[in-house]
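**Student:** All residue numbers for the sequence shown refer to this note's numbering, where the first residue is 75 and numbers rise by one. Backbone N, C-alpha and C define an ideal beta-carbon position, used for all residues, glycine too.
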Amino acid sequence: MMHGRPPTPPRPSFRAAVRSDLARYAAAEGRDVTWKFALRMIFLMPGFQFVLARRIQDRLYRLPIVGRAMGRIWWWWTCRSFGAEIAIAASVGQGLYVPHPYGIVVGECAMGDGVTILQNVTIGKRSRAAGGIPVIGDGVYLAAGAVIVGDVTIGPNASIGANAVVLNDIPAGATAVGAPAKPMGKTAAKPLSNAVI
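1) Can you tell which of 132, 93, 128 has its C-alpha closest to the C-alpha of residue 54?
2) Over what stretch of residues does the beta strand (DSSP E) that includes residue 198 continue unbroken?
3) For the structure I just gave you, are there three or more beta carbon pairs, one from the stretch 119–135 and one from the stretch 156–165, closer than 8 Å?
4) Quick one: which unbroken alpha helix (DSSP H) runs of 4-plus residues sit fully inside the stretch 98–144? Chain order, please.
5) DSSP on residue 77, reduced to helix/strand/coil?
6) So residue 183 packs on residue 198, CB below 8 Å; how close in whole Å?
7) Pull up the distance between the alpha-carbon of residue 253 and that of residue 110, whole angstroms please.
8) For residue 225, which three-state DSSP category applies?
9) Whose C-beta lies closer than 8 Å to the C-beta of residue 162 among residues of the same chain, with five residues either side of it excluded?
10) Looking at the unbroken beta strand (DSSP E) that takes in residue 251, where does it start and where does it end?
11) In this structure, does DSSP put residue 92 in helix, strand or coil?
12) Let me know the secondary structure DSSP gives residue 160 once reduced to three states.
13) Between the Cα of residue 164 and the Cα atoms of 238, 115, 210, which residue gives the shortest distance?
14) Given this structure, state the Cα-to-Cα distance separating residue 123 from residue 104, to the nearest angstrom.
15) If I measure Cβ to Cβ from residue 160 and keep anything under 6 Å in the same chain, skipping five residues before and after, which residues do I get?
16) Can you list, in chain order, the residues of its chain whose CB lies under 7 Å from that of residue 46, leaving out five sequence neighbours each side?
17) With 16 as the cutoff for other CB atoms within 10 Å, does residue 95 come out buried or exposed?
18) Per the DSSP calculation, residue 233 is bridged to which residue(s)?
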């Protein structure tokens, strides 16, 4: 385990987060962000709808007096609507990309910018009593069925393979596979539009 981790960064503003999220989805399709593209994402793309619902939840939770109650109601609605959840306690950076928002469970964690999460990914503590939370660096790619639990750090630009179970730290730029997951080598940085999803 890594020690002396920096504190969880503040959550991005609603506007900045949504713009960054849209840019990730546009990059995946090799497009520019336009009003037409944004409207298509909002009304027709479940993955972006799930991410947007999370941003709205964050915004509601910040409202004075009624914010916490409204945020929890919105969280419940999001879980029911998508069959996936991101805990209120999770800190999620900008530029989140979730192409298939099904079966995802993200508990309390600290997630950097530019993270990709595929379907059936699980992130969280080992137990309610456990003190540490997963820390997921910028640009991390989490393949379908990946499980990240406990006081672990996944370094920036690492890739976690399908159905891998991460119980220990993964260094920056590494590709980790297996159960328990072990680093197999370095991942060459590549633009999202070239990533296999």
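**Tutor:** In short:
1) With the chain represented from 75 up to 271, any question about residue 54 goes unanswered, as that position is not in the structure.
2) 196–198
3) yes
4) 109–118, 120–135
5) Residue placement at residue 77 is flagged as unreliable, the pLDDT there being 44, under the threshold of 50; a coordinate-derived value is accordingly withheld.
6) 7 Å
7) 43 Å
8) coil
9) 131, 135, 145, 146, 149
10) 248–251
11) helix
12) strand
13) 210
14) 19 Å
15) 128, 180
16) This structure cannot speak to residue 46, because the chain is shown only from 75 to 271.
17) buried
18) 215, 249
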